[in-house]
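Following: one structure in structure tokens, then a few remarks.
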Amino acid sequence: MSKFLFPTEYYDSTYSIDFEQYYSLGYRAVLFDIDNTLVPHNFASDDKSVALMKRLKEIGFKICLVSNNKEERVASFNEFLQVEYIYKAGKPKASGYIKAMEKLGTTKGNTIFVGDQLYTDIWGANNAGIHSILVKPIDKHEEIQIVLKRLIEKPIIWLYLMKHKMKTKRS
0 MSKFLFPTEY YDSTYSIDFE QYYSLGYRAV LFDIDNTLVP HNFASDDKSV ALMKRLKEIG
60 FKICLVSNNK EERVASFNEF LQVEYIYKAG KPKASGYIKA MEKLGTTKGN TIFVGDQLYT
120 DIWGANNAGI HSILVKPIDK HEEIQIVLKR LIEKPIIWLY LMKHKMKTKR S
């Protein structure tokens with residue numbers, strides 16, 4: 000029923016993902032949503048997100064932020080990360096993800112996407128045919144339109160967990 004909204008995997012946090020394992024499996028690029036995936040909504044990049052990008056680069060990953068935000072928000076967030084980015088990505092359309100892979104020179108088969116929302120992030124990654132990882136949102140305090148989306152996401156996440164008979168991956 001909701002397979003297009005089901006992530007490939009589900010983690011407690013972006014920061015609990017074993018990216019070294021994904022690299023060993025042949026993945027070479029990670030695409031990220033920003034708000035509530037890397038930092039709370041509308042926050043600047045922080046020490047944790049900067050350290051993660053540095054670690055991913057050291058592993059050998061190419062990185063791109065894929066955001067529906069305006070360029071000003073994405074560019075300022077990226078100031079200390081220094082990775083590629085796509086703004087006004089149009090998620091859940093596949094075009095922003097495809098543009099990111101073209102920028103990085105990667106393919107659907109070796110690219111991962113990490114995001115916190117089913118109806119934009121995961122749906123879009125699935126539309127693009129790439130490995131999708133859903134993470135729990137960092138901050139519970141969100142704008143009303145996102146709070147409403149979270150309410151309709153809950154039964155889909157429940158179905159996903161029942162189908163996979165597993166809990167989220169923790170570290």
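If you count by numbering that gives the first Met the number 0, then the sequence shown holds residues 0 to 170, one letter each, in order.
Backbone N, C-alpha and C fix where the C-beta goes; we use that ideal spot for every residue, glycine too.
Keep in mind the model is a prediction, meaning the values are calculated, not measured.
Practice prompt. Give a yes or no on contact between the segment 107-124 and the segment 152-159, applying the rule of three or more CB pairs nearer than 8 Å.
Written response: Three or more Cβ pairs closer than 8 Å define a contact, and the segment 107-124 meets that threshold against the segment 152-159.
Practice prompt. Report the three-state DSSP secondary structure of Leu103 (helix, strand or coil).
Written response: On the sequence shown, residue 103 is found 104 positions in, with the first residue counted as 1. Three-state DSSP puts Leu103 in a helix.
Worksheet item: On the three-state DSSP scale, how would you describe Ile155?
Response: Within the sequence shown, the letter at position 156 stands for residue 155. Reduced to three states, the DSSP call for Ile155 is helix.
Discussion item. Contact defined as beta carbons within less than 8 Å: I believe Ala124 pairs with Phe112. What is the distance between those atoms, to the nearest angstrom?
Written reply: Indexing the sequence shown from 1 puts residue 124 at position 125. Indexing the sequence shown from 1 puts residue 112 at position 113. Right, the Cβ-Cβ distance comes to about 4 Å (below 8 Å), so this counts as a contact.
Practice prompt. Report yes if the C-beta of Thr110 is less than 7 Å from at least one heavy atom of the ligand FMN; otherwise report no.
Written response: Although the ligand FMN was asked about, the structure shown includes no ligands whatsoever.
Worksheet item: Do you know offhand how far Glu83's Cα is from Met100's?
Response: On the sequence shown, residue 83 is found 84 positions in, with the first residue counted as 1. On the sequence shown, residue 100 is found 101 positions in, with the first residue counted as 1. Going from the Cα of Glu83 to the Cα of Met100 covers about 10 Å.
Fill in: Per DSSP, the bridge partner or partners of Phe112
The residue given as residue 112 occupies position 113 in the sequence shown. According to DSSP, which records beta bridges pairwise, Phe112 is partnered with Leu30 and Ser131.
Discussion item. Cutting at 7 Å between CB atoms, please list the residues of its own chain near Asp138, excluding the five before and the five after it.
Written reply: The count along the sequence shown starts at 1 and reaches residue 138 at position 139. Contacts found: Asn35, Pro39 and His40.
Discussion item. Per the DSSP calculation, Ile85 is bridged to which residue(s)?
Written reply: By one-based count along the sequence shown, residue 85 stands at place 86. For Ile85, which the question treats as bridged, DSSP gives the partners Val65.
Practice prompt. Rounded to whole angstroms, what's the CA-CA distance from Leu80 to Trp122? Just pull it up for me.
Written response: Position 81 of the sequence shown, counting from 1, holds the residue named residue 80. Position 123 of the sequence shown, counting from 1, holds the residue named residue 122. Cα to Cα, the separation comes out at about 26 Å.
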